[in-house]
Amino acid sequence: MRKYWINYLIIISCFMLIFSCQEKKKNAKFKVVTTTNMISDLLHQIGGDSIEVVGLMGAGVDPHLYKASEGDVTKLTTADAIFYSGLHLEGKMVDVFEKMNKSGYKTFALSDGLPEKNKISSANFAGNHDPHIWFSVENWRLAAKFVTKQLSTLQPQNKEFFEENLRTYDLDLKSLKEDLNEIASKLPKEKRILVTAHDAFSYFGKEFDFKVVGLQGISTTAEAGTKDILDLANFIVENDVPAIFVESSVPEQTILALKSAVESKDKNVALGGTLYSDSLGNSGTPEGTYLGMYIYNMSTIVNALNVTE
Ligand SMILES: [Zn+2]
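Position one of the sequence shown corresponds to residue 35 (our numbering), numbered consecutively onward.
Quick look at the structure:
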């Protein structure tokens with residue numbers, strides 16, 4: 035009798051264990067893996083508490099050069115969905131995403147949410163498009179819509195919640211653009227020349243009417259040569275550019291070499307500050323969000339270029 039009783043207890047315990055595992059799985063949050071922290075921020079804005087966001091690239095990480103580690107592959111293969119930027123921004127990870135997509139993983143490139151006319155063509159970059167799409171606020175509004183649409187398909191029970199978050203965030207993005215235009219309006223047209231380490235700011239230039247010049251081209255994989263540095267130094271002297279900018283995700287040596295080259299021509303050029311180009315700032319700081327990053331960048335650019343001789 036005692037033996038039957040023990041068996042009975044074991045069977046009950048097994049059922050309870052199975053039930054609690056299933057409950058845990060049912061309650062586990064929908065896990066979304068992202069590449070850059072701009073995308074993590076966007077997924078937080080739309081997905082809110084209903085999803086868990088795991089970002090692969092933290093602050094200051096260069097997506098052009100980033101290679102997936104073994105740990106990243108585990109994160110990717112256990113994700114419920116993967117969101118990346120696309121247009122070859124994540125140059126070394128394109129193969130990983132394409133293979134995963136073919137194997138049935140749910141991978142989404144934000145650039146697929148943009149119409150062709152919103153992408154800047156560039157013959158110098160793999161895929162022939164400039165991948166720095168987030169520097170167009172209009173593009174980021176479309177990316178937010180794209181994320182909302184995909185999350186709503188993946189989690190139809192939360193569709194209303196995602197759409198409400200989109201409505202709120204879209205208002206924030208519209209008001210961001212007004213604030214950015216207001217800050218830019220303090221800088222006369224002839225002073226709107228932005229010189230940075232690599233060509234990340236073409237969308238910014240197009241949307242806010244700046245001429246942008248990058249020393250390294252669109253990807254950081256191409257290094258600037260001596261001739262590039264001398265040509266750009268001449269351009270800075272000829273156009274009387276008062277400041278050039280370091281980027282948080284690119285080593286500052288190239289910009290320092292450019293500064294020296296300008297100074298060797300008896301012209302002073304200041305370091306205007308560090309801009310967030312291919313990465314947001316640290317999480318928990320204003321610059322760790324898209325909205326805060328953009329206000330910081332625009333203010334830094336306008337303050338450094340708005341000098342009177
Ligand atoms: Zn870049």
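For every residue, glycine included, the Cβ atom is placed at its ideal position computed from N, Cα and C.
Check                                                                                                                                                                   : Outcome
If you measure from the CB of H163, is any heavy atom of ligand 1 nearer than 7 Å?                                                                                      : no
Could you say which of H163, F142, S313 and M91 lies nearest to S283 if we only look at CA atoms?                                                                       : S313
Under the assumption that G138 contacts K179 (Cβ atoms under 8 Å), give the Cβ distance between them as a whole number of angstroms.                                    : Between K179 and G138 the Cβ distance is about 25 Å, and since that is not below 8 Å, they are no contact.
DSSP three-state call for F159: helix, strand or coil?                                                                                                                  : coil
Excluding the five sequence neighbours on either side, which residues of its own chain have a C-beta within less than 6 Å of the C-beta of K101, listed in chain order? : K126
When the distance is taken between beta carbons, is I80 closer than 8 Å to L185?                                                                                        : yes
Hey, which unbroken runs of the alpha helix (DSSP H) at 4 residues or more fall wholly within the segment 79 to 123?                                                    : 104 to 111
Let me check one thing: in DSSP terms, what residues is L309 bridge-paired to?                                                                                          : E281
With a cut-off of 5 Å, give the chain-ordered residues whose Cβ is closer than this to any heavy atom of ligand 1.                                                      : A234 and D312
Determine the DSSP secondary structure at V246, reduced to helix, strand or coil.                                                                                       : strand
Within a Cβ cutoff of 8 Å, which residues of the same chain sit near E197, ignoring the five residues on either side of it in sequence?                                 : T182 and S186
Given that a residue counts as buried once 16 or more other Cβ atoms are within 10 Å of its Cβ, and exposed if not, what is P165?                                       : buried
Quick one: using the 10 Å Cβ neighbour count with 16 as the cut-off for buried, is N331 buried or exposed?                                                              : buried
Quick check on the burial criterion: 16 or more other C-beta atoms within 10 angstroms. Buried or exposed for E124?                                                     : buried
Taking the C-alpha atoms as reference points, what is the distance between M327 and F235?                                                                               : 14 Å
Confirm, please, whether the CB-CB distance from K153 to L121 is below 8 Å.                                                                                             : yes
Which whole-angstrom value is the C-beta distance of D204 and K223, which I expect to be below 8 Å?                                                                     : Contact flag wrong, Cβ pair sits at about 29 Å.
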